[in-house]
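Q: Residue numbers (the working numbering), protein chains in the order written: chain C, 172 to 541; chain P, 15 to 288.
Don't be surprised by glycine CBs; every beta carbon is placed ideally from N, CA and C.
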Amino acid sequence: MNAPPPGNSIHTTPTGGEGDLTLVGIVRRFGLVTALAGIDLAVRKGEMLTILGPSGSGKTTLLKVVAGFETPDEGDVLLGTRAITFATPAKRDIGMVFQNYALFPHMTVAQNIAFPLEMRKVAKAEAAKRVDDVLNLVDLGGLGDRLPRQLSGGQQQRAALARAIVFGPRLLLLDEPFGALDRKLREQMQLEVRRLQQHLGLTALFVTHDQEEALILSDRIAVMDRGRIVQLGTPQEIYRHPVNRFVAGFIGESNLFQARVASGGYAVLDGGARFRLPASAPPEGTEVGLLLRPERPRRLANGAAAENSFAGSVVEVVYLGETVKYRIRLDPGFEIIVRWPFQSSGGSPGKNERVTVGWNGDDLHLVQWS
Amino acid sequence: MELNAASRGRRRSRMRPWHIGLYAWCGLVFLFLMAPLIVVFPISFSSSAYLQFPPPGWSLRWYAAYIDDFAWIDATIRSLKVAMATTALSTILGTMLAFSIVRGRFFGKSTFNQISMLPLIVPVIIYSIAVYGLFAQLRLIGNWQVIVLGHTVHAIPFVLIVVGAALRTYDVNYELAAMSLGASRLRAIWRVTLPQIRPALVSAMFLAFISSFDELVVAMFLGGSNMTLPKKMFDNIINAIDPTIAAVSVLQIILVTGILIVVSKIGAGASPAA
Numbered sequence: 172m173n174a175p176p177p178g179n180s181i182h183t184t185p186t187g188g189e190g191d192l193t194l195v196g197i198v199r200r201f202g203l204v205t206a207l208a209g210i211d212l213a214v215r216k217g218e219m220l221t222i223l224g225p226s227g228s229g230k231t232t233l234l235k236v237v238a239g240f241e242t243p244d245e246g247d248v249l250l251g252t253r254a255i256t257f258a259t260p261a262k263r264d265i266g267m268v269f270q271n272y273a274l275f276p277h278m279t280v281a282q283n284i285a286f287p288l289e290m291r292k293v294a295k296a297e298a299a300k301r302v303d304d305v306l307n308l309v310d311l312g313g314l315g316d317r318l319p320r321q322l323s324g325g326q327q328q329r330a331a332l333a334r335a336i337v338f339g340p341r342l343l344l345l346d347e348p349f350g351a352l353d354r355k356l357r358e359q360m361q362l363e364v365r366r367l368q369q370h371l372g373l374t375a376l377f378v379t380h381d382q383e384e385a386l387i388l389s390d391r392i393a394v395m396d397r398g399r400i401v402q403l404g405t406p407q408e409i410y411r412h413p414v415n416r417f418v419a420g421f422i423g424e425s426n427l428f429q430a431r432v433a434s435g436g437y438a439v440l441d442g443g444a445r446f447r448l449p450a451s452a453p454p455e456g457t458e459v460g461l462l463l464r465p466e467r468p469r470r471l472a473n474g475a476a477a478e479n480s481f482a483g484s485v486v487e488v489v490y491l492g493e494t495v496k497y498r499i500r501l502d503p504g505f506e507i508i509v510r511w512p513f514q515s516s517g518g519s520p521g522k523n524e525r526v527t528v529g530w531n532g533d534d535l536h537l538v539q540w541s
Numbered sequence: 015m016e017l018n019a020a021s022r023g024r025r026r027s028r029m030r031p032w033h034i035g036l037y038a039w040c041g042l043v044f045l046f047l048m049a050p051l052i053v054v055f056p057i058s059f060s061s062s063a064y065l066q067f068p069p070p071g072w073s074l075r076w077y078a079a080y081i082d083d084f085a086w087i088d089a090t091i092r093s094l095k096v097a098m099a100t101t102a103l104s105t106i107l108g109t110m111l112a113f114s115i116v117r118g119r120f121f122g123k124s125t126f127n128q129i130s131m132l133p134l135i136v137p138v139i140i141y142s143i144a145v146y147g148l149f150a151q152l153r154l155i156g157n158w159q160v161i162v163l164g165h166t167v168h169a170i171p172f173v174l175i176v177v178g179a180a181l182r183t184y185d186v187n188y189e190l191a192a193m194s195l196g197a198s199r200l201r202a203i204w205r206v207t208l209p210q211i212r213p214a215l216v217s218a219m220f221l222a223f224i225s226s227f228d229e230l231v232v233a234m235f236l237g238g239s240n241m242t243l244p245k246k247m248f249d250n251i252i253n254a255i256d257p258t259i260a261a262v263s264v265l266q267i268i269l270v271t272g273i274l275i276v277v278s279k280i281g282a283g284a285s286p287a288a
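(1) Given residue 173 (chain C), which residues of its chain have a CB within under 8 Å of its CB, disregarding the five upstream and five downstream residues?
(2) Quick one: does residue 243 (chain C) have its CB under 8 Å from some CB of chain P?
(3) In angstroms with no decimal places, state the Cα-to-Cα distance between residue 522 (chain C) and residue 365 (chain C).
(4) Show which residues of chain B have a CB atom less than 9 Å away from the CB atom of residue 240 (chain C).
(5) How many Å lie between residue 472 (chain C) and residue 527 (chain C) at the Cα?
(6) Give the secondary structure of residue 271 (chain C) by DSSP, where H, G and I count as helix, E and B as strand, and everything else as coil.
(7) Of all the residues that make up the stretch 280 to 312 of chain C, which are near chain P by a beta-carbon distance shorter than 8 Å?
(8) Based on Cα-Cα distance, which residue from C:481, C:493, C:234 and C:340 lies nearest to residue 217 (chain C)?
(9) Judging by CA-CA distance, which residue of P:81, P:218, P:46 and P:57 is the nearest neighbour of residue 255 (chain P)?
(10) Residue 211 (chain P) by DSSP, collapsed to three states: which one?
(11) Counting C-beta neighbours from all protein chains within 10 Å, is the total for residue 87 (chain P) 16 or more, i.e. buried, or is it exposed?
(12) Going by the CB atoms, is the gap between residue 351 (chain C) and residue 268 (chain C) shorter than 8 Å?
(13) Tell me which residues share the same chain as residue 297 (chain C) and place their Cβ nearer than 7 Å to its Cβ, disregarding the 5 neighbours each side in the sequence.
(14) For residue 63 (chain P), which residues in the same chain have their Cβ closer than 7 Å to its Cβ, ignoring the five residues on either side in sequence?
(15) Which chain P residues sit within Cβ distance under 8 Å of residue 565 (chain C)?
(16) Going by DSSP, name the residue or residues bridged to residue 511 (chain C).
(17) What residues in the stretch 208 to 241 of chain P bring their beta carbon closer than 7 Å to a beta carbon of chain C?
(18) Residues in the same chain with beta-carbon distance under 8 Å from residue 401 (chain C), minus the five sequence neighbours each way, listed in chain order, please.
(19) Can you find a CB in chain P that lies within less than 8 Å of the CB of residue 261 (chain C)?
(20) Mind checking which residues open and close the alpha helix (DSSP H) that includes residue 76 (chain P)?
(21) Could you have a look at residue 329 (chain C) and say whether DSSP puts it in helix, strand or coil?
(22) When DSSP labels each residue in this structure, what does residue 458 (chain C) get in the three-state scheme?
(23) By DSSP's criteria, residue 363 (chain C) is part of a beta bridge. Which residues make up the other side?
(24) Can you grab the Cα-Cα spacing for the pair residue 507 (chain C) / residue 405 (chain C), in whole Å?
(25) With a cut-off of 8 Å, does the C-beta of residue 277 (chain C) fall near any C-beta of chain P?
(26) Have a look at residue 251 (chain P) and residue 236 (chain P) and give me their C-alpha separation to the nearest angstrom.
(27) Going by the beta-carbon positions, is the gap between residue 480 (chain C) and residue 529 (chain C) smaller than 8 Å?
(28) Hey, would you say residue 169 (chain P) sits closer than 8 Å to residue 225 (chain P), going by beta carbons?
(29) In terms of alpha-carbon separation, which member of P:264, P:240 and P:248 lies closest to residue 91 (chain P)?
(30) Around the Cβ of residue 135 (chain P), are there at least 16 other Cβ atoms within 10 angstroms (buried) or fewer (exposed)?
(31) So which residues of chain C does residue 60 (chain P) contact, with C-beta pairs closer than 7 Å?
(32) Taking only beta-carbon positions, decide if residue 253 (chain C) is within less than 8 Å of chain P.
(33) So, at 6 Å on beta carbons, what are the nonlocal neighbours of residue 375 (chain C) in its own chain, with the 5 sequence-adjacent residues on each side left out?
(34) Can a CB atom of chain P be found closer than 8 Å to the CB of residue 267 (chain C)?
(35) Using beta carbons (cut-off 8 Å, strictly below), is residue 200 (chain C) in contact with chain P?
(36) For residue 184 (chain C), is the classification buried or exposed, using 16 other Cβ atoms within 10 angstroms of its Cβ as the cut-off for buried?
Below, the structure written as structure tokens:
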């Protein structure tokens, strides 16, 4: 075990044993379409890793490959040190929570949860005990005799989760499991699932297109785009240091500018505006993307200064409770989005009001444009 | 609110003539469909020796004639046997066929699908002659099992249509979930998919049963001297023209209605939660 820790580099070729689930060079094509273009990924024991990507990025195909519903054209899937690339789903020891839960409607909740135990020929008494335990664990004690349709959305989800973990699987797969819930319940369930996963030390692979959800739930996030993992890292790393324009645009709100690095630590935008760059600027002439998160710019009072400052007028005001989101058209001819705390005593600008905004070079984050 | 009520009132009054017309039309259609039954029931209780309507008097003699005649009972038992075997065979084969056509990805699938509907399109008489030729060569004419085979080919399209439709709307994730929980594909289908499409299976079985129990032409060619109930009824009309046939018809109607009630009871149980 002298290999360095996998870190953030997505090019580390994982070796068996390093991760609980290891994907090596997974390729899957459908006709002329390449759904997965070489995926290398190691999910560590006990971690919740999220595959985040827009629809069509290949995340669902990846999930199917792991679950065994698809066979990759190239590459290997390892669970621990065991290759399961061609194993049937039944022989994989993976618990899965489906998007719409897929609770069997003709069986009671208890029968649903007992199903994987029955398939594993666990003795009746032992199975009943384990079903009882897991029902209590997910807070469904006493509801075992109900049919799935007699449960609320949140309860159905808990039942689906219970069914996926009752047989002690090596890996838990979650396929957009919160999509069907309303916002409040969704947040509650997210935290509950996270707590349970940590409590039981489950290794989990979670697939979603919802970046907010990914940020809340994950130990690490793998961002997918067009069949590749473009960035792998902790939620913080991904939010603070997106590697390219795609990730920057996909995670959180952002202002993105295309610019060319000029002399003296400046960059010139398409429209001619000049931005002061952070200290670690690339060489002159490089095409770069500049990312400015909406909470970074400040409103400058008369006389205050910043390395980059522009005057402009407010085009749109959206109240989000604690904070207010503004769309501001700056005089050089581009728009930015900013988020400022709400100030009651007339401190927040209104629509069409003139404001001066400023930010420093270090507030900008450089990303690959292409 | 008032305006709303007023406009609704107006709309209802404008609808009224249409409604009366619609009721009248439905009544006529209903009468048309029921007319044979209305005639058959009284005739079966007739005291006359001829098919005569309205009957001159009442008796149960034709029911007695049916029960006392070994040939009738023999034909009935044979028909039930054939229909049940046909139901079992065509439901199993048709369901398997439905799975392969709905789920499968193979070359020539749509042609294959159309070919499996052919028994419904080919005229029965042509089909009958063809299977007669086949089984005559094999010297199997007269065996009830041969009628079962002939009827099964005919019943498969019904099963395919009904079960296929159910499978097309079935969310395959249930099956995948079962597989991820440790079931083999076959086990997942048996424990999860089939119970959920039970209403369709029951309807398919009913259609298969009826299509065989009622069938005359194929049975006539393949049955030889071993008659099924429809063949016996046919012969009865040709030779005797006594109201026994009306009594048999009534019993047949009661049997089928009974099955239909049972079917709707079983079939309604598990509707797939969509």
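A: In brief:
(1) With a pLDDT of 43 at residue 173 (chain C), under the threshold of 50, the modelled position of this residue cannot be trusted; read the value that follows with caution. Excluding sequence neighbours, residue 173 (chain C) sits near nothing in its chain.
(2) no
(3) 41 Å
(4) Annotation note: the requested chain B is absent from the structure, which comprises protein chains C and P.
(5) 7 Å
(6) coil
(7) 286, 287, 290 and 291
(8) C:340
(9) P:57
(10) coil
(11) exposed
(12) no
(13) none
(14) 256
(15) It is not possible to answer for residue 565 (chain C), since the shown part of chain C is limited to 172 through 541.
(16) C:495
(17) 209 and 210
(18) 181, 394, 395, 414, 415, 417 and 418
(19) yes
(20) 75 to 82
(21) helix
(22) strand
(23) BP columns for residue 363 (chain C) are empty, so no partner.
(24) 27 Å
(25) yes
(26) 20 Å
(27) yes
(28) yes
(29) P:240
(30) exposed
(31) Within chain C, no residue comes near residue 60 (chain P); the closest Cβ sits about 49 Å away, beyond 7 Å.
(32) no
(33) 219, 343 and 368
(34) yes
(35) no
(36) Low confidence applies here, because residue 184 (chain C) scores a pLDDT of 42, under 50, leaving its location unreliable and the question unanswered by this model.
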